[in-house]
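For reference, the structure is listed below as structure tokens.
Numbering (this note's numbering), first residue to last: 59 to 382.
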């Protein structure tokens, strides 16, 4: 990724103000990558804002420097746009038509929408793409603050180093982040041991909806708006629950369906990434990784039961080795 360094520097030098965009329904990778980048660019002398169009931000990264300055509206006019961990411009939640953009990501389904696209599908997180861009740079210097933000993004996106794309190279990168001063204990505690009471109560309701399909190789859970209202849970409180359905001993793929306003939001998880759930998500207009993908559908167009049946039909094809 360092080969893009000079092109990135050339674009950044033309702007005084920079708006860093994180994707809607943000996770720690998009936030951690953006905050680390913002810190580095501020040290480079730029005026920087980090923006997210969603109402709520993941609280597991609220200890990172700059978290409490994230805005939900873009305040800079004619600023350079840098997108972090966004596979598609539709994930912005902002109208940026005609603006110059740098696209920093690691999704293999990335639409390459930027003026400059710095996308590494082999990276385990967007923060790895950015780290490799800046490593050894005398202009964009990584320090403890940036390393901690990048490490939070990494630890979250690899689900504590349990995804199948983790390699020895990943741990070599971890060593570098720790050498820069990232605190593993602080990051791990904040990401993994800070569930809210609402999340715990919602977990019980979600598990009560658990259903098994295809000889117990697929598990589905449903989280309704009524569930969220009863527990006081927000979308952020759902995040710790998304991985439950694929933890059963027999399950190969877990499906969590979340009712939210006029939509059904569907999360797909593949155990050990044996089966590429991104293909199924793409069939419904979504995307993601082999091990984790998502899509959304309008509730007016389909009933919940029909949606489940359609998903199971696609997953059956996937498990049988057919195209989803």
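We treat Cβ as the ideally placed atom computed from N, Cα and C, and that holds for glycine.
Being a predicted model, the structure only gives us computed values, none of them experimental.
Beta-carbon proximity check, residue i vs residue j, cutoff 8 angstroms
i           : j           : result
residue 260 : residue 291 : yes
residue 151 : residue 163 : no
residue 160 : residue 173 : yes
residue 283 : residue 317 : yes
residue 182 : residue 221 : yes
residue 131 : residue 97  : no
residue 352 : residue 313 : no
residue 346 : residue 331 : no
residue 305 : residue 263 : no
residue 62  : residue 176 : yes
residue 138 : residue 128 : no
residue 271 : residue 217 : no
residue 293 : residue 322 : no
residue 219 : residue 102 : no
residue 249 : residue 303 : no
residue 179 : residue 189 : no
residue 315 : residue 280 : yes
Assigned secondary structure, residue i (DSSP; H/G/I helix, E/B strand, else coil)
i           : result
residue 258 : helix
residue 161 : strand
residue 360 : coil
residue 62  : helix
residue 174 : strand
residue 225 : coil
residue 297 : helix
residue 322 : strand
residue 76  : strand
residue 314 : strand
residue 374 : helix
residue 67  : helix
residue 113 : coil
residue 169 : coil
residue 195 : coil
residue 154 : coil
residue 328 : strand
Host alpha helix (DSSP H) of residue i (start-end)
i           : result
residue 105 : Per DSSP, residue 105 belongs to no alpha helix (DSSP H); it is in the beta strand (DSSP E), 105-109.
residue 335 : 335-341
residue 349 : Residue 349 -> no alpha helix (DSSP H), and no H or E assigned at all.
residue 89  : 86-101
residue 211 : 202-215
residue 190 : 184-192
Delimiting residues of the beta strand (DSSP E) encompassing residue i
i           : result
residue 278 : 276-281
residue 448 : The requested residue 448 does not occur in the structure, where the chain is confined to residues 59 to 382.
residue 140 : 138-142
residue 122 : Residue 122 -> no beta strand (DSSP E), and no H or E assigned at all.
residue 270 : 269-271
Beta-carbon separation (whole angstroms), residue i vs residue j, contact threshold 8 angstroms
i           : j           : result
residue 267 : residue 295 : No, residue 267 and residue 295 are not in contact; Cβ-Cβ is about 16 angstroms, not under 8 angstroms.
residue 348 : residue 328 : 6 angstroms
residue 95  : residue 140 : 7 angstroms
residue 205 : residue 240 : 4 angstroms
residue 82  : residue 112 : 5 angstroms
residue 311 : residue 333 : 6 angstroms
residue 326 : residue 350 : 7 angstroms
residue 106 : residue 79  : About 12 angstroms; that fails the 8 angstroms criterion.
residue 93  : residue 125 : 6 angstroms
residue 194 : residue 60  : 7 angstroms
heavy atom of the ligand ATP below 7 angstroms from residue i C-beta
i           : result
residue 355 : This structure lacks the ligand ATP; in fact it carries no ligand of any kind.
Cβ of residue i within 8 angstroms of any chain D Cβ
i          : result
residue 98 : In the structure shown, chain D does not exist; there is a single protein chain.
- [ ] Decide if the region 78-93 is in contact with the region 118-127; the criterion is three or more beta carbon pairs, one per stretch, under 8 angstroms apart.
- [x] yes
Task: Stretch-stretch touch, CB-based, cutoff 8 angstroms, three pairs: the region 269-284 with the region 367-374 - done: yes
Open item on the list: So, does the region 179-198 touch the region 210-226, judging by three or more C-beta pairs under 8 angstroms?
Closed with: yes
Open item on the list: Assess contact between the region 231-238 and the region 69-84, defined as three or more Cβ pairs (one per stretch) separated by less than 8 angstroms. Is contact present?
Closed with: no
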